[in-house]
Amino acid sequence: MSPRIVASNDTIVAPASGPGRAAIAVIRISGPRTRDVLEALCGGVPPARRASLRDIGVPVIDRGLVLWFPGPASFTGEDMAELHVHGSRAVIRAAIDAVLSLAGTRLAEPGEFARRAFETGKLDLTEVEGLADLVQAETEAQRRQALAQSQGALRALYESWRDELLRAQALIEAGLDFADEGDVIADVSLKADAIVGDLHAAIARHLAERGGELLRDGLRVVIAGPPNAGKSSLLNALAKRDVAIVSEEAGTTRDVIEVHLDLGGVPVMLIDTAGLREAEGRVEAEGIKRALARAGDADLVLWLVDATAPCWDVPAGLAPDKSGQIRATPLQIRVLNKIDLAPDAGAGREAVRVSAKTGDGVDTLIENLAEKAALATETGAGAPLLTRTRHRVELEAAQAALERFGVPQLSPELKAEELRLAARHLGRLTGRIDVEEVLGAIFAEFCIGK
2 MSPRIVASND
12 TIVAPASGPG
22 RAAIAVIRIS
32 GPRTRDVLEA
42 LCGGVPPARR
52 ASLRDIGVPV
62 IDRGLVLWFP
72 GPASFTGEDM
82 AELHVHGSRA
92 VIRAAIDAVL
102 SLAGTRLAEP
112 GEFARRAFET
122 GKLDLTEVEG
132 LADLVQAETE
142 AQRRQALAQS
152 QGALRALYES
162 WRDELLRAQA
172 LIEAGLDFAD
182 EGDVIADVSL
192 KADAIVGDLH
202 AAIARHLAER
212 GGELLRDGLR
222 VVIAGPPNAG
232 KSSLLNALAK
242 RDVAIVSEEA
252 GTTRDVIEVH
262 LDLGGVPVML
272 IDTAGLREAE
282 GRVEAEGIKR
292 ALARAGDADL
302 VLWLVDATAP
312 CWDVPAGLAP
322 DKSGQIRATP
332 LQIRVLNKID
342 LAPDAGAGRE
352 AVRVSAKTGD
362 GVDTLIENLA
372 EKAALATETG
382 AGAPLLTRTR
392 HRVELEAAQA
402 ALERFGVPQL
412 SPELKAEELR
422 LAARHLGRLT
432 GRIDVEEVLG
442 AIFAEFCIGK
């Protein structure tokens with residue numbers, strides 16, 4: 002990417018480590034006065050990219066490690082430094098106040114270090130988003146996906162598509178220059194059509210894969226079934242703690258309860274819902290309405306069956322569609338609960354047999370869930386996956402332009418325009434063009450010191 006002009010000449014400072022007491026805290030500084038800050042507070046500038054033990058502050062605030070990263074060979078592309086000090090609130094506050102006492106310095110805004118890296122061409126937008134996801138990753142699979150994106154996996158893919166689009170556009174425009182030579186126009190049109198056809202198919206495959214988005218946001222798993230089937234007990238068993246009220250009284254669960262789990266590195270949002278039956282009051286009716294909505298939107302539904310009173314299908318009239326079944330979801334698992342009370346129930350039925358009360362079969366269910374979650378988020382041939390709604394919106398717009406390009410009666414001039422539109426949307430993905438309106442939302446995801 003070509004470098005951009007940095008919007009601010011201020012030198013910014015912020016803690017880059019987490020809040021609270023710790024052995025070590027990291028304070029980051031970036032901007033044109035970084036060298037002046039080090040000279041004023043540390044008695045000079047240490048060798049580049051080497052940790053040096055120095056007294057910090059006048060009078061001395063702490064003794065710690067100082068690192069100097071002269072631009073443009075730094076994270077932000079500007080002169081940059083880090084102070085590694087003891088991690089008490091008093092030391093951190095005093096060190097930052099000492100930096101802010103110098104002219105031309107101020108506290109950094111959320112994500113401002115990363116934004117400066119983008120503005121100086123060190124990162125593109127997909128790499129910035131991958132970095133944000135890496136900071137927030139909670140599972141191993143999320144970490145791997147975010148790391149690949151932060152290192153440019155998506156950028157390389159989207160830029161290669163944009164290069165192909167520009168090649169097709171050049172062919173169409175070359176044909177316009179030889180409008181009076183029919184054989185030339187036919188030849189370049191065939192070549193451009195082949196490029197666009199391959200690109201259209203590649204983008205369609207990319208859009209069809211939801212694994213990256215599911216991995217980033219978490220797989221939504223809804224526990225659904227009739228009242229007293231043991232949904233809340235199963236939720237507690239899977240979460241390995243009491244998160245839902247358990248009672249023999251039907252209709253105890255009135256609202257949706259959510260628990261976040263890590264299943265084999267895949268983040269899962271486990272959702273307990275109200276029992277599906279004819280409601281006996283307005284509050285319960287609202288709970289059932291929400292349960293049906295969640296079941297319809299789920300990535301995976303656990304349909305819970307009470308072994309003492311088996312109900313294998315959703316009661317007629319309560320399901321979201323006329324078939325009497327939960328709306329089609331990518332995956333479903335039937336779970337037969339209370340096998341401690343009815344060990345012979347469900348013979349011949351395909352279901353995971355559990356007792357939420359005793360714990361029997363719960364580990365098997367967790368393994369089954371982990372397999373389904375891995376299946377839903379698998380990366381196929383190893384190609385980078387789409388991870389954000391912003392990406393999907395731009396790619397769908399580019400795809401629509403490519404589809405209009407393929408209209409047989411479209412003139413060469415309009416075909417060239419459709420390719421320009423498609424290339425524009427791909428350029429917005431990486432931040433090459435016209436992205437000011439999305440920058441605030443992207444960088445607001447970061448903590449102050451990143």
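According to the numbering used here, the sequence shown is numbered sequentially starting from 2.
We put the beta carbon where it would ideally sit given N, CA and C, even for glycine.
Take the alpha-carbon of arginine 107 and the one of glutamate 83: they are about 15 angstroms apart. Within the segment 106 to 139, the complete beta strand (DSSP E) segments at least 3 residues long are 106 to 108, listed from N- to C-terminus. Counting along the chain, glycine 212 sits inside the alpha helix (DSSP H) bounded by residues 212 to 218. Here DSSP, grouped into helix, strand and coil, assigns glycine 407 to coil. Taking the Cα positions, leucine 220 is about 7 angstroms away from alanine 374. Counting only residues of its own chain and dropping the five nearest sequence neighbours on each side, glutamate 404 has a CB closer than 8 angstroms to the CB of His201.
For alanine 95, the enclosing alpha helix (DSSP H) stretches over residues 90 to 101.
When DSSP states are grouped into helix, strand and coil, asparagine 229 belongs to the coil group. In the DSSP assignment, leucine 68 is bridged to Glu83. Judged by their CB atoms, alanine 133 and threonine 77 are not nearer to each other than the 8 angstroms cut-off. Shown here for glutamate 397: same chain residues with a beta carbon closer than 8 angstroms to its own, the five before and five after excluded, namely Leu208 in chain order. Contact between leucine 342 and threonine 309 holds: their C-beta atoms lie close to 5 angstroms from each other, under 8 angstroms.
Straight through space, the alpha carbons of leucine 386 and arginine 145 are spaced by roughly 12 angstroms. Restricting attention to Arg206, Arg211, Ile173, the CA atom closest to the CA of aspartate 194 is found in Ile173. A direct Cα-to-Cα measurement between valine 86 and alanine 95 gives close to 11 angstroms. Straight through space, the alpha carbons of serine 31 and proline 60 are spaced by roughly 23 angstroms.
The C-alpha of isoleucine 97 is placed about 12 angstroms away from the C-alpha of serine 89. Taking 8 angstroms as the cut-off, the beta carbon of leucine 264 is found closer than this to the beta carbon of alanine 371. For threonine 12, the enclosing beta strand (DSSP E) has its first and last residue at 12 to 16. With respect to the 8 angstroms criterion, valine 14 and valine 67 are not classified as neighbours on the basis of their beta carbons.
Secondary structure at tryptophan 162: helix, using DSSP grouped into helix, strand and coil. Around the C-beta of isoleucine 25, fewer than 16 other C-beta atoms lie within 10 Å, and the residue is accordingly described as exposed.
Listed in chain order, the non-local C-beta contacts of arginine 22 below 8 angstroms within the same chain comprise Gly88, Ser89, Arg90, local neighbours out to five positions each way being set aside. As DSSP reads the structure, isoleucine 28 sits in a beta bridge with Pro16, Leu84. Here alanine 225 really is in contact with tryptophan 304; their C-beta atoms are around 6 angstroms apart, less than 8 angstroms. Aspartate 243 carries a coil assignment under DSSP once its states are collapsed to helix, strand and coil. By the criterion of at least three beta-carbon pairs nearer than 8 angstroms, the segment 110 to 124 is not in contact with the segment 42 to 58.
The C-alpha of alanine 299 is placed about 11 angstroms away from the C-alpha of leucine 215. Residues Ala169, Leu403, Phe406 of the same chain have their beta carbon placed closer than 6 angstroms to that of valine 197, with the five preceding and five following residues left out of the count. Collapsing the DSSP output to three states places serine 53 in a strand. Taking 8 angstroms as the cut-off, the beta carbon of glycine 432 is found closer than this to the beta carbon of leucine 126.
Excluding its 5 nearest sequence neighbours in each direction, alanine 399 has C-beta neighbours in its own chain below 6 angstroms: Ala423, His426, Leu427, listed in chain order. Annotated three-state conformation of valine 394 is helix, per DSSP. About 4 angstroms separates the Cβ atoms of glycine 231 and asparagine 338, confirming a contact at the 8 angstroms cut-off.
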